[in-house]
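Remarks on the structure that follows.
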Amino acid sequence: MPLSSLAERHTTAASHKEPAVNWTRLIAVLLALTVVTRIPSFVRTPWNPDEGYLATQARQLADGGVLYDTVVDRKPPFVPLLYRGAFAVFGDGSLWPVRVAAIVAVLVGAALAASIAARRWGQRSAWTAGVCYVFLTIGLKPEDTQAATFEVFMLPWTVAAIWYAERARWLGAGLAAAGAVLSKQTGGAVLLPVLVLLWQHRAGWGAFVRVTAGAALPVVSAALAFDPGRFLYWIATGSGSYLSAEGAGLKPVLRALAGVGLLTLAALPLVVALVRAVRSRAAVPPTGRAPLSGTADLWIWLAASLGAATVGFQFFGHYFLQLVPPLALLGAAALRELTARAATAALTATALVACGYVGWGFTDSRAEVDHARRLADTVRSYTDRKDRVLLWGMHPEGYWLSQRSPASRYLTAGFLTNFSGGRGEARVGERYAMDGAWPHFERELRRRPPELIVDDSRGKRYGVQQIPTLRRHLARHYEKVATIDGSSFYLRNRPEIRTSSRAGHALRTR
Numbered sequence: 055m056p057l058s059s060l061a062e063r064h065t066t067a068a069s070h071k072e073p074a075v076n077w078t079r080l081i082a083v084l085l086a087l088t089v090v091t092r093i094p095s096f097v098r099t100p101w102n103p104d105e106g107y108l109a110t111q112a113r114q115l116a117d118g119g120v121l122y123d124t125v126v127d128r129k130p131p132f133v134p135l136l137y138r139g140a141f142a143v144f145g146d147g148s149l150w151p152v153r154v155a156a157i158v159a160v161l162v163g164a165a166l167a168a169s170i171a172a173r174r175w176g177q178r179s180a181w182t183a184g185v186c187y188v189f190l191t192i193g194l195k196p197e198d199t200q201a202a203t204f205e206v207f208m209l210p211w212t213v214a215a216i217w218y219a220e221r222a223r224w225l226g227a228g229l230a231a232a233g234a235v236l237s238k239q240t241g242g243a244v245l246l247p248v249l250v251l252l253w254q255h256r257a258g259w260g261a262f263v264r265v266t267a268g269a270a271l272p273v274v275s276a277a278l279a280f281d282p283g284r285f286l287y288w289i290a291t292g293s294g295s296y297l298s299a300e301g302a303g304l305k306p307v308l309r310a311l312a313g314v315g316l317l318t319l320a321a322l323p324l325v326v327a328l329v330r331a332v333r334s335r336a337a338v339p340p341t342g343r344a345p346l347s348g349t350a351d352l353w354i355w356l357a358a359s360l361g362a363a364t365v366g367f368q369f370f371g372h373y374f375l376q377l378v379p380p381l382a383l384l385g386a387a388a389l390r391e392l393t394a395r396a397a398t399a400a401l402t403a404t405a406l407v408a409c410g411y412v413g414w415g416f417t418d419s420r421a422e423v424d425h426a427r428r429l430a431d432t433v434r435s436y437t438d439r440k441d442r443v444l445l446w447g448m449h450p451e452g453y454w455l456s457q458r459s460p461a462s463r464y465l466t467a468g469f470l471t472n473f474s475g476g477r478g479e480a481r482v483g484e485r486y487a488m489d490g491a492w493p494h495f496e497r498e499l500r501r502r503p504p505e506l507i508v509d510d511s512r513g514k515r516y517g518v519q520q521i522p523t524l525r526r527h528l529a530r531h532y533e534k535v536a537t538i539d540g541s542s543f544y545l546r547n548r549p550e551i552r553t554s555s556r557a558g559h560a561l562r563t564r
């Protein structure tokens with residue numbers, strides 16, 4: 055894009071009033087579309103390991119756990135605390151409260167996107183942006199879009215940051231950016247388009263200070279609340295090996311192509327309109343209105359979001375949800391260049407593609423969920439409610455489904471081996487663990503030994519037989535008692551417990 059385009063002023067000045075839009079009708083339609091497109095989220099629990107992780111964290115916090123100490127993850131605190139609050143009000147036996155919260159998050163993001171479009175391009179674009187936002191939020195694999203996880207709750211904060219910035223409410227823009235960062239670190243990418251808007255408004259250093267203060271103070275306050283050293287370690291400095299793509303080969307590239315391809319398919323009519331508008335831009339005479347005028351910040355936002363999705367080279371599908379808000383707004387700007395009939399046809403095609411993604415949500419494979427439930431049933435059969443267990447794998451939902459407390463603060467083997475589903479088996483082993491993880495883990499095993507250890511690696515490189523420290527610990531203190539779906543169960547060597555547990559298991563499985 056030419057550098058001159060960065061200086062484009064918005065077609066609607068900041069002082070102008072937003073065009074009249076029937077917001078009651080628009081919000082009602084957006085709500086209905088959001089509910090319909092997210093119905094699949096209620097027919098499967100959990101959708102992915104992140105939901106299981108958050109649910110387990112919420113239970114740990116309810117039992118007196120301390121975030122970034124006895125309850126840990128590489129993510130900021132907002133979403134774990136959201137789960138904790140939902141469980142406190144509605145109970146921890148179901149994820150329906152956070153699924154409803156996800157519907158609210160999508161609706162808020164869509165409404166804010168519609169408001170941005172209305173201010174810039176008018177009523178028709180408001181409807182287009184809001185509807186496209188809802189449709190694109192399901193434009194990836196169902197496990198990435200139907201789950202109530204980090205990106206879903208981060209997106210409305212990012213849209214709010216732009217909403218405030220284009221109205222020259224700089225403190226609000228900074229605070230919204232902080233909300234995005236506290237939902238997921240990559241939400242901070244929205245600060246780049248916010249600064250572009252600040253420059254376009256020629257707002258001066260005072261506005262820059264307000265944006266910076268608004269973005270920094272909530273994050274600093276969170277760091278102080280959770281201990282600055284631990285907070286910084288878990289959300290930033292402790293993930294060096296995890297963020298490296300060394301030795302990963304083509305797997306991350308293929309995952310990236312799959313994610314971008316699925317989202318492009320979901321937005322294909324919008325992408326075609328965008329390409330058409332960009333190509334026609336050069337043909338507009340100097341005195342004419344250029345197609346896609348007033349979108350410089352949106353292109354910057356899209357590029358920054360794509361850059362944020364590449365951090366760590368993991369390329370999980372849900373990372374690409376961050377592209378949805380700028381893509382929906384750019385799509386609305388592009389459809390504005392079409393006739394009403396052509397724009398309606400493009401929206402209809404987008405809706406039909408969205409129907410396909412909804413159908414995919416109902417028919418997607420349940421193999422991993424079924425395995426997690428069988429694993430949880432077996433864990434319950436060998437243990438009592440008060441017992442602690444260790445699930446050595448990448449599926450922490452087993453703790454939540456089995457209603458058993460984890461024996462370690464490390465809910466997945468990834469912290470101790472650097473294994474990642476997004477990168478595969480490159481740089482996997484004890485020596486690639488987070489700094490200080492293994493000494494802490496060994497202290498946990500000595501202090502409160504788990505009654506049951508489950509090797510859920512199912513042939514992957516982080517299996518206990520390939521991890522010397524854990525292999526020796528199992529050989530000394532545990533006995534293998536079962537294998538279910540390729541997962542091995544090891545019961546602690548205490549004769550009285552082993553006998554009663556085996557008897558109970560036999561009675562339950564007759």
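Residue 349 in our numbering sits at position 295 of the sequence shown; the count goes up by one each step and never skips. Where a beta carbon is used, it is the ideal one built from N, C-alpha and C, also for glycine. All values reported here derive from a predicted model rather than from experimental measurement.
Taking the alpha-carbon positions, what's the residue i to residue j distance?
i, j, result
"G348", "S459", "53 Å"
"R512", "S542", "8 Å"
"T88", "F132", "23 Å"
"G193", "E220", "27 Å"
"R546", "V508", "11 Å"
"G184", "W253", "27 Å"
"R256", "F262", "10 Å"
"Y163", "P210", "One point to set straight first is that residue 163 is Gly, not Tyr, in the sequence displayed. Going from the Cα of G163 to the Cα of P210 covers about 4 Å."
"A167", "E505", "51 Å"
"R548", "E496", "20 Å"
"G517", "E498", "19 Å"
"Y373", "A426", "24 Å"
"K195", "P100", "14 Å"
"L524", "R515", "14 Å"
"G483", "L375", "31 Å"
"A331", "Y218", "27 Å"
"L429", "L108", "19 Å"
"A310", "R501", "42 Å"
"T182", "P94", "24 Å"
Where does residue i sit, in a helix, a strand or coil, going by DSSP?
i, result
"I192", "coil"
"W101", "coil"
"F141", "helix"
"D198", "helix"
"P460", "strand"
"A560", "Because the pLDDT at A560 is just 44, under 50, the model does not fix this residue reliably, and the point stays unresolved."
"L445", "strand"
"K534", "strand"
"L236", "helix"
"R546", "strand"
"S293", "helix"
"L346", "coil"
"S541", "strand"
"V125", "strand"
"S419", "coil"
"S474", "strand"
"Q368", "coil"
"D489", "coil"
"S275", "helix"
"G410", "helix"
"T341", "Since pLDDT at T341 reaches only 45, below the 50 mark, its modelled position is unreliable, and the value read off the structure follows with that caveat. Note: T341 maps to coil in three-state DSSP."
"T398", "helix"
If you drop the 5 nearest sequence neighbours on each side, which residues of the same chain put their C-beta closer than 7 Å to that of residue i?
i, result
"A112", "P134, Y137, R138, F141, D146"
"A234", "M208, W211, T212, A215, G241, G242, V244"
"R264", "W224, L225, G228"
"L462", "Sequence inspection shows Ser at residue 462; the Leu mentioned does not correspond to that position. Around S462: L444, F495, E498."
"L328", "L384, G385, A388"
Starting from the C-beta of residue i, find all residues in its chain whose C-beta is less than 6 Å away, skip the five residues before and the five after it, and write them out in chain order.
i, result
"A557", "Bear in mind that the predicted position of A557 carries a pLDDT of just 47, short of 50, making it unreliable; the figure below should be weighed with that in mind. Contacts found: none."
"A487", "L470"
"F280", "L121, Y122"
"W454", "G106, A109, T110"
Might you give, ordered along the chain, the residues of its own chain that have their beta carbon closer than 8 Å to the beta carbon of residue i, omitting 5 neighbours on each side?
i, result
"L236", "P130, P131, F132, P272, V273, A276"
"F96", "W150, R153"
"F144", "W150, P151"
On the three-pair Cβ rule with 8 Å, is the region 389-407 touching the region 200-208?
-> Because the criterion of three Cβ pairs below 8 Å is not met, the region 389-407 and the region 200-208 do not touch.
Touching by the beta-carbon criterion (3+ pairs, under 8 Å), the region 378-396 and the region 351-359 | The region 378-396 vs the region 351-359: in contact.
Every unbroken alpha helix (DSSP H) inside the region 499-532 [4 residues or more] = DSSP runs (the alpha helix (DSSP H)) wholly in the region 499-532: 522-531.
Give a yes or no on contact between the region 163-183 and the region 383-394, applying the rule of three or more CB pairs nearer than 8 Å.
-> With contact defined as three or more Cβ pairs closer than 8 Å, the region 163-183 and the region 383-394 are in contact.
The region 359-373 in contact with the region 234-244 per 3-pair CB rule at 8 Å = The region 359-373, when compared against the region 234-244, does touch it at the 8 Å Cβ threshold.
Touching by the beta-carbon criterion (3+ pairs, under 8 Å), the region 225-236 and the region 265-280 = With contact defined as three or more Cβ pairs closer than 8 Å, the region 225-236 and the region 265-280 are in contact.
Between the region 308-321 and the region 143-157, are three or more C-beta pairs nearer than 8 Å?
-> Result no; under three Cβ-Cβ pairs closer than 8 Å.
Are the region 411-429 and the region 522-534 touching by the rule of at least three beta carbon pairs closer than 8 Å?
-> They do not touch, by the three-pair rule.
Inter-stretch contact (C-beta, 8 Å, three-pair minimum) for the region 431-447 and the region 476-493 = No, the region 431-447 is not in contact with the region 476-493.
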